[in-house]
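Residue numbers (the UniProt record's numbering): 1 to 278.
The C-beta atom is built at its ideal place from N, Cα and C for all residues, glycine as well.
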């Protein structure tokens with residue numbers, strides 16, 4: 001099902017948060033192109049427009065009008081899309097939320113993490129999150145927003161680039177070098193704020209430093225004015241399952257008061273969710 005990708009732009013250029021990668025395994029005889037077409041129709045509703053005409057869907061999916069029409073008709077019949085007869089536009093239907101509910105209800109990590117993320121939110125009165133790594137992006141699967149939150153448009157299901165988010169860096173740091181390098185090789189090192197980014201080599205150096213400390217703090221890397229502290233949730237083989245982070249605005253951040261306290265809280269919560277102490 002489609003998810004929310006945040007689009008941020010710089011004055012000099014328009015920067016897409018996510019560059020759609022060609023799926024691996026398409027060359028297999030098991031790959032069903034008709035399923036891909038149907039899902040690409042759903043992915044065309046990327047949040048930039050609430051409703052689309054059939055022609056717009058065809059253009060976004062790079063399908064011919066006939067193929068797009070068949071896919072749209074099928075999805076509308078199955079109640080995954082709905083049509084406004086007055087405008088002849090299509091929009092996502094509530095039935096898609098069933099998948100989100102089923103994913104969260106069946107996700108062991110989310111179920112295990114909820115009480116710890118809630119406790120962090122109560123104790124700090126700041127925004128707390130659990131995210132997972134999905135290729136070059138992170139996905140929010142638990143978010144408890146405080147009244148001080150900087151990004152009200154970030155909700156469960158939102159995706160942002162892993163390389164410029166504290167939880168993304170925390171998870172990348174605990175991947176084997178070859179896996180992290182592969183992800184970074186497919187990453188567009190765009191600056192979303194004034195924070196500079198360089199290349200894969202400098203990013204790998206940063207990941208090794210994070211691995212030594214067990215946590216990461218990112219200041220204003222995707223959101224200006226945000227101080228995010230994250231630690232990875234690891235399995236028994238020390239592979240990342242997800243990451244916990246606390247987000248605080250710079251106007252509320254007091255290094256002398258918060259640096260050690262927030263770091264300790266995040267590391268402790270991540271270790272508890274992991275099920276083994278660090």
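What first and last residue would you give for the alpha helix (DSSP H) that runs through residue i?
| i | result |
| --- | --- |
| residue 260 | 255-274 |
| residue 103 | 97-106 |
| residue 210 | 200-213 |
| residue 285 | Lying outside 1 to 278, the shown extent of the chain, residue 285 is not represented and no answer is given. |
| residue 171 | 166-173 |
With residue i as the anchor, note down where its beta strand (DSSP E) starts and where it stops.
| i | result |
| --- | --- |
| residue 83 | 81-84 |
| residue 249 | 240-249 |
| residue 160 | 159-161 |
| residue 130 | 127-134 |
Classify residue i as helix, strand or coil using the three-state DSSP reduction.
| i | result |
| --- | --- |
| residue 65 | helix |
| residue 116 | helix |
| residue 88 | coil |
| residue 235 | coil |
| residue 194 | coil |
| residue 29 | coil |
| residue 42 | helix |
| residue 221 | coil |
| residue 143 | strand |
| residue 228 | strand |
| residue 78 | coil |
| residue 57 | helix |
| residue 150 | coil |
| residue 331 | One cannot answer for residue 331 here, as it falls past the ends of the chain, which runs 1 to 278. |
Let me confirm a value: residue i is counted as buried when at least 16 other C-beta atoms fall within 10 Å, else exposed. Which label applies?
| i | result |
| --- | --- |
| residue 78 | exposed |
| residue 32 | exposed |
| residue 99 | exposed |
| residue 267 | buried |
| residue 226 | buried |
| residue 86 | exposed |
| residue 246 | buried |
| residue 238 | exposed |
| residue 260 | exposed |
| residue 256 | exposed |
| residue 155 | exposed |
Quick one: residues in its chain with C-beta nearer than 7 angstroms to the C-beta of residue i, no 5 flanking neighbours on either side, listed in chain order?
| i | result |
| --- | --- |
| residue 241 | 109, 233, 234, 235 |
| residue 104 | 110, 141 |
| residue 38 | 71, 74, 75 |
| residue 203 | 163, 184 |
Take residue i and list the residues in its own chain whose beta-carbon comes closer than 6 angstroms to its own, dropping the five residues that flank it on each side.
| i | result |
| --- | --- |
| residue 223 | 150, 151 |
| residue 173 | 207, 210, 211 |
| residue 193 | 220, 224 |
| residue 195 | 220, 221 |
Spell out whether any CB of chain B is found under 7 angstroms from the CB atom of residue i.
| i | result |
| --- | --- |
| residue 248 | Absent here is chain B; the protein component of the structure consists of one chain. |
What residues in its chain sit with their C-beta under 8 angstroms from that of residue i, if we drop five residues either side in the sequence?
| i | result |
| --- | --- |
| residue 65 | 54, 55, 58 |
| residue 169 | 162, 163, 206, 207, 210, 216, 218, 230 |
At least 3 beta-carbon pairs within less than 8 angstroms: the region 140-150 vs the region 175-184: Taking a cut-off of 8 angstroms on C-beta distances, the region 140-150 does not touch the region 175-184, as fewer than three cross pairs fall below it.
Segment contact flag, the region 36-53 with the region 79-91, C-beta cutoff 8 angstroms, min 3 pairs: For the pair of segments examined, the region 36-53 was found to touch the region 79-91: the number of CB pairs separated by less than 8 angstroms reaches three.
Cβ contact (3+ pairs, closer than 8 angstroms) linking the region 237-255 and the region 110-118: Yes, the region 237-255 touches the region 110-118.
Touch test, the region 189-208 against the region 157-164, Cβ-Cβ under 8 angstroms, three pairs minimum: Between the region 189-208 and the region 157-164 there are three or more inter-stretch CB-CB distances shorter than 8 angstroms, so the stretches are counted as touching.
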